[in-house]
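Engineer: Can you read through this structure? Questions will come right after.
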Amino acid sequence: MNYWLLKSEPDVFSIDDLKKQKTTLWDGVRNYQARNFLMAMQVGDLAFFYHSSTEPPGIVGLCRVLETHIADPSQFDPQSPYFDPKSSEDKPRWWTVRVGFVEKYKQMITLEVLRAKFSPDELVLLRRGNRLSVMPIASGVADRIIALKASR
DNA sequence: GCCAACGTTGGC
DNA sequence: GCCAACGTTGGC
Numbered sequence: 011m012n013y014w015l016l017k018s019e020p021d022v023f024s025i026d027d028l029k030k031q032k033t034t035l036w037d038g039v040r041n042y043q044a045r046n047f048l049m050a051m052q053v054g055d056l057a058f059f060y061h062s063s064t065e066p067p068g069i070v071g072l073c074r075v076l077e078t079h080i081a082d083p084s085q086f087d088p089q090s091p092y093f094d095p096k097s098s099e100d101k102p103r104w105w106t107v108r109v110g111f112v113e114k115y116k117q118m119i120t121l122e123v124l125r126a127k128f129s130p131d132e133l134v135l136l137r138r139g140n141r142l143s144v145m146p147i148a149s150g151v152a153d154r155i156i157a158l159k160a161s162r
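Here it is in structure tokens:
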């Protein structure tokens, strides 16, 4: 089983929204590197839910990959901000997954705490200029994040 | 295929 | 709101 981190702006979609909805299609990712990670996900993988562009940013919970290799429907929808005219139904370029709510942490693990506990080598999130919205987390690092969460 | 211009992300 | 970092676009 693999671990991942999914970024979302809470104003757009928050861990509370996921908790309410139970599951969501992780649509709208329009970056090839992030898409490649989405395509590498397997059913049962766990993903940390990260709130970005908020004060403070940080990991707010956990979700699980329920379904993989779904062609992102928003790429075909001219009304969608994620519409991609270069994509077609028979040859989609954007793929995603469905995730389900697992847990909302009682206390956020802030970016500041993550910076204090991990190196940029360990956590892609911490690398200078990083803008990836989907990234892998090494299992040892994931275990330490979970331990951090449990310790408070 | 280069690269300048532009747009976006996201922490601060 | 600023701006560094990075991805994408499009002219040549």
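Numbering of the first sequence is given in the working numbering, commencing with residue 11 and proceeding in unit increments. Beta carbons: idealized from backbone N, C-alpha and C, even for Gly.
#1: Tell me whether the beta-carbon of P130 lies closer than 8 Å to the beta-carbon of R137.
#2: Taking only the alpha-carbon atoms, compute the straight-line gap between P67 and S98 and give it to the nearest angstrom.
#3: Give the single residue among M118, K101, A126 whose Cα lies nearest to the Cα of D26.
#4: What number of angstroms, rounded off, separates the C-alpha of F58 from the C-alpha of W14?
#5: Return the bridge partner residues of F93 from the DSSP annotation.
#6: On the DSSP bridge list, what partners appear for P146?
#7: Give me the DSSP bridge partner(s) of S98.
#8: Using the Cα positions of R82 and P88, report the straight-line distance between them to the nearest angstrom.
#9: Whole angstroms are fine: how far does the CA of S24 sit from the CA of Q31?
#10: Put Q85 into one of helix, strand or coil per three-state DSSP.
#11: Beta-carbon separation of V39 and S143 under 8 Å?
Structural biologist: Looking at the atomic coordinates:
#1: If you number the first sequence from 1, residue 130 lands on position 120. If you number the first sequence from 1, residue 137 lands on position 127. Yes; because the gap between Cβ atoms is below 8 Å, this pair is in contact.
#2: Here residue 67 is taken as the residue at index 57 of the first sequence, counted from 1. Here residue 98 is taken as the residue at index 88 of the first sequence, counted from 1. Approximately 36 Å, taken between the alpha carbons.
#3: By one-based count along the first sequence, residue 26 stands at place 16. When only C-alpha atoms are compared, the closest one is M118.
#4: For the purposes of this step, residue 58 is taken as the residue at position 48 of the first sequence. For the purposes of this step, residue 14 is taken as the residue at position 4 of the first sequence. When rounded, the distance between both Cα atoms is 6 Å.
#5: Position 83 of the first sequence holds residue 93. F93 is not bridged to any residue.
#6: As a first step, residue 146 is located in the first sequence; it is residue number 136 there, counting from the start. Answer is W14, bridged to P146.
#7: Here residue 98 refers to the residue found at position 88 of the first sequence. Its beta-bridge partners are K101.
#8: The count along the first sequence starts at 1 and reaches residue 82 at position 72. The count along the first sequence starts at 1 and reaches residue 88 at position 78. In the sequence under discussion, the amino acid at residue 82 is Asp, which differs from the Arg named in the question. Using only the alpha carbons, I get a separation of about 13 Å.
#9: In the first sequence, the residue the question calls residue 31 occupies position 21. In the first sequence, the residue the question calls residue 24 occupies position 14. Taking the straight line joining both Cα atoms gives about 11 Å.
#10: Counting from 1 along the first sequence, the entry for residue 85 is found at position 75. Note: Q85 maps to helix in three-state DSSP.
#11: The residue labelled residue 39 in the question sits at position 29 within the first sequence. The residue labelled residue 143 in the question sits at position 133 within the first sequence. Contact flag set, yes.
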